Structures are given as structure tokens and as C-alpha cells.
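Protein chains in written order, with my numbering: chain A, 8 to 162; chain B, 8 to 162; chain C, 8 to 162; chain D, 8 to 162.
Note that CB positions come from ideal geometry on N, CA and C, so glycine has one too.
Computed from a predicted structure; not experimentally measured.
Working notes, beginning with the structure itself.
There are 4 protein chains.
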Amino acid sequence: MISNNPEQWLHLERIVRFGDTDAAGVLHFHHLLRWCHEAWEESLEKYGLNSSDIFPIGFQQQEPFLVALPVVHCEADFRLPIKTGDHLEILLLPEKTGTGGFQVQSKFQRGGGDVGFGLIRHLAINAQTRERCDLPEKIQLWLEASSVNLGPRSL
Amino acid sequence: MISNNPEQWLHLERIVRFGDTDAAGVLHFHHLLRWCHEAWEESLEKYGLNSSDIFPIGFQQQEPFLVALPVVHCEADFRLPIKTGDHLEILLLPEKTGTGGFQVQSKFQRGGGDVGFGLIRHLAINAQTRERCDLPEKIQLWLEASSVNLGPRSL
Amino acid sequence: MISNNPEQWLHLERIVRFGDTDAAGVLHFHHLLRWCHEAWEESLEKYGLNSSDIFPIGFQQQEPFLVALPVVHCEADFRLPIKTGDHLEILLLPEKTGTGGFQVQSKFQRGGGDVGFGLIRHLAINAQTRERCDLPEKIQLWLEASSVNLGPRSL
Amino acid sequence: MISNNPEQWLHLERIVRFGDTDAAGVLHFHHLLRWCHEAWEESLEKYGLNSSDIFPIGFQQQEPFLVALPVVHCEADFRLPIKTGDHLEILLLPEKTGTGGFQVQSKFQRGGGDVGFGLIRHLAINAQTRERCDLPEKIQLWLEASSVNLGPRSL
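Below, the structure is given as C-alpha cells:
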């Protein structure tokens with residue numbers, strides 16, 4: 008069931024957990040990039056895709072897994088301390104990046120103010136040969152639907 | 008705002024993410040214990056407590072942090088392979104364990120069948136001296152409310 | 008190159024890192040079970056096995072991956088607070104557990120005193136059918152070599 | 008005991024573990040940034056500093072913790088698939104970034120070829136007020152010693 012309102016899959020929420028912090032009392036940095044990837048997965052799901060359409064599920068895979076989407080670059084900026092129990096809003100901005108690539112920017116807000124920012128860039132490759140290939144059609148549909156109605160925008 | 012229906016804070020959900028798996032294609036084991044702790048945190052929150060009442064928030068703590076609740080024991084059993092995108096139900100069973108201690112059992116189900124089980128046991132200690140002490144009153148209230156209406160039960 | 012002195016692969020070391028802690032200032036519990044698995048991997052390697060003999064390496068696997076060794080149970084006890092920079096000694100005690108199964112106990116010490124304990128139990132299964140099978144021969148050799156010279160012992 | 012040969016603390020090693028991978032069979036991306044932070048910690052230690060001089064150790068801290076070094080930016084590039092058991096070399100390039108800041112670049116190599124790259128940028132802040140301040144003297148010494156003998160270089 009495909010949603011047609013991008014707000015439903017590009018505007019997510021997350022609550023910070025105790026294990027996300029370190030002995031300085033605030034978010035240990037790399038968890039933010041984990042959150043970015045998990046937000047991307049949640050976005051695909053809320054848009055209407057199945058995880059098994061996109062992600063390999065190992066040796067029990069019934070059909071061969073054709074296209075992998077490895078991360079080729081990621082980055083993050085940290086603006087304000089993030090603490091256990093913080094309720095964060097996550098705004099996603101997915102974009103194509105040339106043939107066979109795309110990136111997802113994630114802006115993290117608390118009470119309307121920015122606290123952090125992350126970006127993950129993926130490239131489509133043939134899962135067997137590891138040569139570059141086109142994006143899977145379902146990812147293309149999600150990318151197009153994500154820009155419809157929103158017009159050009161930036162985080 | 009305190010809820011009075013334990014179903015609301017003892018029956019949770021979780022979707023498995025790609026980063027929770029390993030190269031065997033299924034859940035990498037120790038993430039299940041992370042899920043147990045996060046489910047406990049979510050339960051306290053849904054019951055009506057603030058994270059800052061229970062968890063230390065570091066150097067900016069305005070009032071001294073009095074009682075820590077370190078994990079003294081944990082265990083987990085794995086029944087069926089758990090894969091990316093699986094929608095899991097989590098049933099929590101919190102219990103007091105003598106003076107100043109409690110444990111939370113977590114049963115993980117998929118489509119009504121058990122896939123895994125976890126348990127975390129905590130002890131209350133004075134955060135400065137690290138000597139054993141009574142459970143914080145708010146944890147006691149959550150433990151009592153968690154057994155009300157449910158009667159004795161087991162996972 | 009197979010070592011024949013179990014001390015070389017059953018007596019390991021680990022230094023605690025900042026990201027292993029949480030806002031209470033000490034080890035966040037589930038990392039200890041990650042350490043147990045990593046210590047097991049290091050032990051196999053120091054004994055003389057290749058990771059690719061034991062662990063799946065994904066879609067580029069040249070020969071089919073035959074036997075998976077999923078974790079079916081794990082547990083841990085926490086005795087003393089563990090902090091960033093602590094130098095820990097890890098003593099491993101591997102044992103067969105019936106046909107097609109084994110477990111590895113890990114005792115963590117600091118300055119000769121116990122600070123924590125972990126246990127991981129594995130079962131051998133056919134990677135395609137997921138039915139129980141015999142342990143891979145190389146794991147059996149490591150298990151036998153791990154008990155030679157040591158005699159019966161306990162952690 | 009302070010070392011005076013930067014090769015000893017800027018040239019490290021790491022073996023990839025099974026739990027670092029995901030169901031695509033290779034490194035799950037964000038662990039590389041964990042490795043970067045852990046490599047920085049190892050570098051400080053091999054240079055001759057104590058963790059407790061640099062990192063907070065929680066409520067039992069005997070002297071007040073004065074200067075925190077939060078991560079303000081991080082990024083990573085992924086060049087080749089990284090698998091369980093890979094032996095990686097890590098080359099560190101620490102640099103001051105204006106007053107009160109520094110960054111550490113980490114190049115990951117396997118068999119002499121580049122497989123990945125990471126960067127973490129820190130800012131010194133007063134741990135109580137969270138206002139910017141000078142770098143701790145010990146970090147300054149490590150930064151200076153890290154550039155001595157090496158001359159200007161780049162990864």
C-alpha cells in the first residue's frame with residue numbers, strides 16, 4: 008500500500024535511549040549515523056516498500072539478491088548536546104546523485120531547533136559482480152515520490 | 008500523566024533494522040539485549056515517568072543524581088532467526104527481586120510465535136558511595152502498577 | 008599455522024573504550040557480550056584458523072557456506088564498575104555441549120580481580136536447511152586443543 | 008612514559024569482527040567511525056596519556072572534569088568492501104583546527120591499498136558551562152608530538 012503524502016515518510020520521530028550516551032552524559036557521536044540509516048529504512052517502509060525488496064536477508068533468500076546499495080560516504084554535524092529521553096524530530100531529504108546513486112540528508116530537531124544533521128550517500132551495485140548499476144525501480148519510485156509536492160527544498 | 012492500564016506500557020513493538028543483522032543474514036545476538044533495555048526505557052516513559060527522573064544526564068545535571076540502577080545480570084535465548092524488517096511484539100514482565108532489586112523479562116514474538124527472550128536484572132545503589140539502597144520510589148510505583156490487574160503471570 | 012599452547016588463545020586482553028560507557032560513567036552492559044564474541048573470534052584466529060573458515064562472508068562467498076553457528080543463549084554477570092581505559096584480562100573456557108553444540112565462558116579481570124563474566128552458547132546448523140548438524144571439524148579441533156594441557160578447570 | 012616516535016602511536020592495526028558486518032556480508036558503515044574514535048583513544052594511550060586525563064569517568068570522578076572534547080563533525084568514505092577477519096592498518100593524521108579544536112583523519116588500508124577513510128573533528132569546551140575553551144595541555148602535547156619528525160603530510 009503506497010502512501011502518497013511524503014510528510015508521512017519524510018517526517019519521523021525518535022527518542023534517545025540511555026545506551027546511546029557515553030560517560031560525558033550526552034549522545035555518543037556515531038549513533039546519530041545509525042539513526043540516519045534506521046530513519047531511511049523506516050521511510051521506505053512508511054512509503055510502502057517491504058524490507059525484503061531492498062535489503063538482503065541472508066542464506067535463506069529465495070530469489071537471488073540482485074542490487075546492493077552500499078554506503079559510499081557519510082557525514083554528520085553535532086550542534087547541541089543530545090540527552091537520554093530527548094524527543095527528536097527527523098526531517099529527511101532524499102535526492103538522486105547522478106546515475107545509480109542517491110543520498111539522504113537527515114535533520115534532527117528538538118522543540119523546533121536543530122540539534123544535529125546527518126547524510127548518507129549510497130551507490131547501486133550488482134550484488135554478484137559489485138559493478139555499478141541502475142537504482143532498483145522501487146528506490147526510484149520512492150525518490151520521485153519524495154520530491155513530488157514538496158518542490159525543491161533544502162534542509 | 009500516569010497511565011493505569013499496564014497493557015499500554017508492557018506490550019510494545021519493534022521493527023528489526025538492517026544494522027541489527029550480521030553476515031549470516033540474521034540478528035546479531037547482542038542487539039536483543041539492547042532492545043530489552045530500550046523496551047524497559049520505553050515502558051517507564053509510557054507509564055508516565057521522565058527519563059531524567061531515572062537516568063543520569065551527565066555534568067549538566069542540576070540536582071545530584073542519587074540512585075543508580077546498574078545491570079547486575081542479563082541473559083537471552085534465541086529461538087528462531089530474526090531478519091531485517093521483522094515486526095516484533097515485545098511483552099514485558101517486571102518483578103521485584105528482593106530489597107533494592109528488580110528484573111524485567113522480555114518476550115519477543117512474531118506473528119504470535121516466540122522468537123526470542125531476554126532478561127535484565129538491576130540493583131539500586133547510591134550513586135556516590137555505590138552501596139546498595141532502596142529502589143527509587145518511582146520505580147517502585149511502576150513495578151506495583153505493572154502487577155496490578157495482571158495478577159501473577161509468567162512469560 | 009596451528010599454535011599448541013592454549014594459553015596463547017585462551018588468555019586475551021582488552022582495553023575499555025569511551026564509546027563502551029553510558030551516562031552513568033561506566034560500561035553499558037551489553038557491550039560485554041560483544042566483547043565475549045570478539046574474544047571468541049580472536050581465540051580462533053590465535054589458534055590458527057581463518058575467519059573465512061568459520062564465518063560467512065556474504066554474496067561473494069566463493070564456496071557455499073555450509074555450517075552456521077548461531078548463538079542460542081547468552082548471559083552475563085557484572086561484579087564491579089568498568090571504566091574507560093581499564094585494561095582487562097579475558098580468560099576463556101570453551102566446552103562442548105552435547106552433539107553439535109558448544110559454549111564459551113569468558114571471565115573478565117582487572118588487576119587480578121573479577122569484574123565481569125559472560126557466556127555464549129552456539130549450535131551448529133546446516134546453513135541452507137537450518138537443521139542441526141555436527142560441529143565443523145575446525146571448531147572441534149579448537150575445542151579439543153583448548154582442553155589439552157589444561158585438564159578440567161572452571162572459571 | 009611518553010614515547011617520542013610518532014610511528015608508534017599514529018600507525019595502528021585492527022581486525023574486523025563478525026558483529027561489524029551486516030546481512031550484505033560486509034562492514035556495516037557506521038562501525039568505521041567507531042573504529043576512528045577507538046583508534047584516537049589508542050593513539051593517546053600509546054603516546055603516554057591516561058584515559059582518565061582525557062575522558063570523564065562518571066560520578067566517581069575524584070577531581071572535577073574540566074574540559075570536554077565533544078565531536079562536532081565526522082565523515083567517512085568507503086572504497087572497497089571490508090569483511091570479517093580483514094586485517095586493517097590504520098594511519099592517523101591529527102591536526103589542530105583553529106583555537107580550541109582539532110581533528111583526526113584515519114586512513115584504513117588492507118595489504119597496502121586504501122579501503123576506507125574517516126575523520127572526526129573535536130572542539131574543547133568547559134564541561135560545566137559548555138563554552139569554548141583552550142585544548143587541554145596534554146592534547147596539545149600529543150598534537151605537537153604527532154607532527155614532529157613527520158613534517159607536513161597528507162593522507
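Three-state secondary structure (DSSP) of D/GLY26: helix
Less than 8 Å between the C-beta atoms of B/ALA83 and B/PHE124, yes or no? yes
Determine the burial state of D/THR91: buried for a count of at least 16 other Cβ atoms within 10 Å of its Cβ, exposed for fewer. buried
B/THR104 to B/GLU144 span [Cα, whole Å]: 15 Å
Hey, could you find the ends of the alpha helix (DSSP H) D/ARG41 is sitting in? 38–54
For B/PHE25 versus D/ALA30, is the C-beta spacing smaller than 8 Å? yes
Contact with chain G by D/PRO77, beta-carbon distance below 8 Å: Although the question refers to chain G, the structure presented lacks it and instead comprises the protein chains A, B, C and D.
Through-space distance from D/LEU150 to B/LEU126, alpha-carbon basis: 45 Å
Using a beta-carbon distance cut-off of less than 9 Å, what residues from the segment 20–31 of chain B approach chain D? PHE25, GLY26, ASP27, THR28, ASP29, ALA30, ALA31
With C-beta atoms as the reference, is D/VAL111 less than 8 Å away from A/PHE85? no
Within chain C, partners of B/HIS94 - CB distance below 9 Å: In chain order: nothing, as chain C lies at least about 21 Å away.
Would you please verify whether the beta carbon of B/GLU138 is less than 8 Å from any beta carbon of chain C? no
Taking DSSP as the reference, what is the three-state secondary structure of A/ASP84? strand
Contact with chain B by C/GLU82, beta-carbon distance below 8 Å: yes
Let me confirm a value: B/GLU45 is counted as buried when at least 16 other C-beta atoms fall within 10 Å, else exposed. Which label applies? buried
Contacts around A/ASP60, its chain only, beta-carbon distance under 7 Å, and the 5 residues preceding and following it disregarded: LYS145
Taking beta-carbon pairs under 8 Å, can you tell me which members of the segment 103–126 of chain C lie near chain B? none
Does the beta carbon of A/LEU40 sit closer than 8 Å to a beta carbon anywhere in chain D? yes
Taking C-alpha atoms, which residue in C/PRO77, C/HIS38, C/ASN11 lies nearest to C/GLY108? C/PRO77
Based on DSSP bridge pairs, tell me the residues matched to A/ASP121. A/GLN116
Relative to the C-alpha of B/HIS113, which residue among B/GLU102, B/VAL122, B/ILE97 is closest? Residue identity check: residue 113 of chain B is Ser in the sequence provided, not His. Per the Cα distances, B/ILE97.
Residue range of the unbroken alpha helix (DSSP H) whose run includes C/GLU144: 144–154
Would you please verify whether the beta carbon of A/PHE62 is less than 8 Å from any beta carbon of chain B? yes
Does the Cβ-Cβ distance between A/LEU95 and A/VAL23 come in under 8 Å? yes
Taking only beta-carbon positions, decide if C/HIS35 is within less than 8 Å of chain A. yes
How is A/GLN15 classed by DSSP in three states: helix, strand or coil? helix
Flag this pair as touching only if the segment 14–23 of chain A and the segment 45–54 of chain A have three or more C-beta atom pairs under 8 Å; answer yes or no. yes
Just how far apart, CA to CA, sit D/ASP93 and C/GLN15? 20 Å
What separation, rounded to the nearest whole angstrom, lies between the Cα atoms of A/THR136 and C/LYS53? 32 Å
How is the alpha helix (DSSP H) around C/ILE97 delimited, first residue to last? Per DSSP, C/ILE97 belongs to no alpha helix (DSSP H); it is in the beta strand (DSSP E), 94–103.
Within the 8 Å Cβ cut-off, does C/GLU48 reach chain D? yes
Is A/LYS90 close to chain B? Criterion is C-beta to C-beta, closer than 8 Å. yes
With distances taken Cα to Cα, identify the nearest neighbour of A/ILE89 among A/ASN133, A/GLN147, A/HIS38. A/HIS38
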